[in-house]
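Everything below concerns the one structure shown next.
Numbering (the numbering used here), first residue to last: 4 to 142.
Following this line, the structure appears as structure tokens:
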């Protein structure tokens, strides 16, 4: 899943020790450019921290994330873990703030009247238009 927005804050790195050894995590906040903008907190772990440190507050970025939820004391906590962070305009199409599947076609409020926007339908053969008996249609 991709989330695109403006980087608005980079938190301080947090380190700790777990059963698998030492770990480092850095969280950052991006704000989407939707009709109703949302602020999203995303985590970068270990080697991915260097990817977020390439950017500055105010940069437009696209973050590929894996959502993950964990249960602790009968409560669930969800985290978005970044696995790829790119500047906007680095090759992937911009089709909204969240990209998980193909984006639906957008509809404008006013219809366009230019001829370039209209698609022409394929023309039927003359025998079909004249009502000839060589058609395969049952009616």
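Note that the Cβ used here is the ideal one computed from N, Cα and C, for glycine as well.
Just so we're clear, the structure is a prediction, and the values are computed from it rather than from any experiment.
Exposure of residue i, with buried meaning 16 or more beta-carbon neighbours within 10 Å
i, result
"residue 85", "buried"
"residue 22", "exposed"
"residue 16", "exposed"
"residue 87", "exposed"
"residue 78", "exposed"
"residue 66", "buried"
Strand pairing of residue i, partner residues [DSSP]
i, result
"residue 38", "The partner list for residue 38 (beta bridge, DSSP) is empty, contrary to what the question assumes."
"residue 78", "75"
"residue 65", "7 and 89"
Supposed close pair residue i, residue j - CB separation, criterion 8 Å
i, j, result
"residue 14", "residue 29", "6 Å"
Minimum C-alpha distance to residue i - residue among the options
i, options, result
"residue 7", "54, 27 and 42", "42"
"residue 11", "47, 64, 18 and 26", "64"
"residue 27", "88, 47 and 75", "47"
"residue 9", "31, 20, 70 and 74", "31"
"residue 20", "60, 82, 49 and 40", "49"
CB contact below 8 Å: residue i versus chain C
i, result
"residue 41", "Note that chain C does not occur in the displayed structure, where there is just one protein chain."
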